[in-house]
Amino acid sequence: MKGVGVYFWGPCYDRKELAALYSDAAVSVVPSAAGLAVIQSISHGVPVLVGDQVAVHGPEWAAITPGLNGDFFSHGDADSLSKAILKWLQHDLHRHEIAATISNWTGEEQAERIVNGVRSHLRQKQR
């Protein structure tokens with residue numbers, strides 16, 4: 001597909017600038033260590049693609065519902081990433097539909113997920 005722009009923006013913490021960036025984005029890609037960017041992307045109605053090695057991501061990866069608000073691609077596999085991007089460039093979901101998929105994702109729920117993850121890890125270590 002010719003004419004598709006790719007930008008590697010880097011860190012950005014200004015909410016207005018983030019909103020402008022997401023309004024121009026068709027898809028967001030986080031190959032590794034995905035965290036808050038997952039929630040930000042989806043909440044702006046932009047599908048997010050992350051590598052399938054979930055152990056390297058923060059708990060926010062769990063907000064991704066494949067085919068609805070994002071997807072996973074094979075870690076380190078450019079062809080897999082390319083196919084995922086093309087799929088979303090042809091997707092017919094609207095931004096408000098993507099954003100609605102995490103309307104119940106709150107800070108409290110996030111904290112609970114983290115606590116539960118730590119507890120689970122500690123239980124496994126005790127065995």
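Position 43 of the sequence shown, counting from 1, maps to 43 under full-length UniProt numbering, and the rest follow consecutively.
Ideal Cβ positions, reconstructed from N, Cα and C, are used throughout, including at glycine.
Keep in mind the model is a prediction, meaning the values are calculated, not measured.
By the neighbour-count criterion, in which 16 or more other beta carbons inside 10 Å mark a residue as buried, Asn116 falls on the exposed side. Contact between Pro47 and Trp88 is confirmed by a C-beta separation of about 5 angstroms, below the 8 angstroms threshold. According to the DSSP secondary-structure assignment, Ser82 is paired through a beta bridge with no residue.
Take Ser120, set aside five residues on each side of it, and no residue of its chain has a beta-carbon closer than 6 angstroms to its own.
If you draw a 10 Å sphere on the C-beta of Ala63, you find 16 or more other C-beta atoms in it, and that means buried.
Annotation: Val54 is outside any beta strand (DSSP E) and is labelled neither H nor E by DSSP. Ranking Asp52, Pro66 and Arg95 by CA distance to the CA of Ala26 puts Arg95 first. Per DSSP, Val46 lies in no alpha helix (DSSP H) and is assigned neither H nor E. Under the three-state reduction of DSSP output, Gly117 falls in the helix class. For the set Thr65, Glu17, Leu18 and Val29, the Cα lying nearest the Cα of Lys83 is the one of Val29. If the five residues before and after Arg113 are omitted, its C-beta is found closer than 8 angstroms to the C-beta atoms of Pro59 and Ala62, all from its own chain and listed in chain order.
Residue pairing for Val29: DSSP places it in a beta bridge opposite Leu49.
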